[in-house]
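Residue numbers (the numbering used here), protein chains in the order written: chain Y, 7 to 129; chain U, 7 to 129.
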DNA sequence: CGCGTTGTCAACCATGTGGTTGAACAAGGT
DNA sequence: ACCTTGTTCAACCACATGGTTGACAACGCG
């Protein structure tokens, strides 16, 4: 799970982390600040932040002894790009003509060489 | 990690599963079919499909001894809705005026009672 | 009927993840 | 210098995840 897209999806697969991101869209926050609403230790929150940071969703600067956390919203584009691409493609299959063509193509060429995909065979 | 949104994000955090989804946007596939390109056992692929199914990304019907896998693209909306909501909110902060207002609000009311969020405190 | 094809279930293993507590480090304020 | 505040590091634990192999269920075909 080494690529950034995977890290971003994984980071947002946790409700606590999603809530943190949600709150960070409103304003930057310190770690303590962020931790307040959750019933877990400060260290746990620190770990969550590390995950978000490694996914590129968040950056931390220094300001006195505080480490304000800032959301890097551009990373969202990475996901939306991926999602939108395949959503559009999937939707296209629902139009009658495309469905027929796809099925015909599939029978001629079962080794799906056709491609609009980016990712390799990865795991 | 019980809610669907979490399951969807988690499901797509794996490159192999993302690639499966990508291929399923082109056409339905059987399990063997899907497994072909990857260098893992059929059982491993079966497990991946279970994850995708539990996330609601995929459904399986029965057709003789085959179990064709079909993509349910509507679930993508769940993600795009979440992402777009916060992305827009985050982008809004970059407009000069909004940034100033947000900062003023932040100073008056440090207990972020403000809200546009949906999710609770969850974990 | 018996057999191959297609796919799942179960048990197991290694590694990752989210949580804990306790100690340590960093930067001011006094 | 020292205490306080803010944050991270380290060790540990329980459980989830992704992979394996082996058994077996479901179905169509000869």
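The C-beta atom is built at its ideal place from N, Cα and C for all residues, glycine as well.
Bear in mind that the values here come from a model prediction, so they are computed numbers and not experimental data.
| query | result |
| --- | --- |
| When you compare only the Cα positions, how much space is there between residue 80(Y) and residue 12(Y)? | 16 angstroms |
| I'd like the list of long-range same chain contacts for residue 84(U), defined as Cβ closer than 7 angstroms, with 5 residues on each side in sequence excluded. | 10, 11, 14 |
| Leaving out five residues on either side along the sequence, give the residues of the same chain with a beta carbon under 8 angstroms from the beta carbon of residue 54(Y). | 20, 22, 23, 26 |
| Mind checking who residue 69(Y) pairs with in its DSSP beta bridge? | 72(Y) |
| Am I right that residue 30(U) and residue 77(U) are in contact with their C-beta atoms under 8 angstroms? What's the rounded C-beta distance? | 4 angstroms |
| Drop a sphere of 10 angstroms on the beta-carbon of residue 93(U), count the other beta-carbons inside from all chains shown, and report buried for 16 or more, exposed for fewer. | buried |
| Tell me whether residue 64(Y) is buried or exposed, calling it buried when 16 or more other Cβ atoms sit within 10 Å of its Cβ. | buried |
| With 7 angstroms as the limit, tell me which residues of the segment 76–97 of chain Y have their beta carbon closer than that to any beta carbon of chain U; keep them in chain order. | 77, 79, 82, 85, 86, 89, 92, 93, 95, 96, 97 |
| With a threshold of 7 angstroms between beta carbons, is residue 65(U) in contact with chain Y? | no |
| Check whether chain U comes within 7 angstroms of residue 58(Y), counting only Cβ atoms and requiring the distance to be less than that. | no |
| Any beta-carbon of chain Y closer than 7 angstroms to the one on residue 2(U)? | What the structure shows of chain U is the stretch from 7 to 129, and residue 2(U) is not part of that stretch, so it cannot be assessed. |
| Would you kindly work out how many angstroms separate the C-alpha atoms of residue 62(U) and residue 69(Y), rounded to a whole number? | 44 angstroms |
| In or out: residue 46(Y) buried (at least 16 other Cβ within 10 Å) or exposed? | exposed |
| Once you ignore the five residues that flank residue 18(Y) on each side, which residues in its own chain have a CB closer than 6 angstroms to its CB? | 24 |
| Against chain U, with Cβ distances strictly below 7 angstroms, would residue 18(Y) count as a contact? | yes |
| By alpha-carbon positions, which one of 98(Y), 51(Y), 28(Y) ends up nearest to residue 38(Y)? | 51(Y) |
| For residue 70(U), return the contacting residues in chain Y, with the cut-off set at a CB-CB distance below 7 angstroms. | By Cβ distance, chain Y contributes nothing, its closest Cβ being about 17 angstroms from residue 70(U), past 7 angstroms. |
| I'd like to know if residue 28(U) contacts chain Y, where contact means its C-beta is closer than 7 angstroms to some C-beta of that chain. | yes |
| In chain order, what residues of the same chain lie with their CB nearer than 8 angstroms to the CB of residue 73(U), ignoring the 5 residues before and after it? | 36, 37, 66, 67 |
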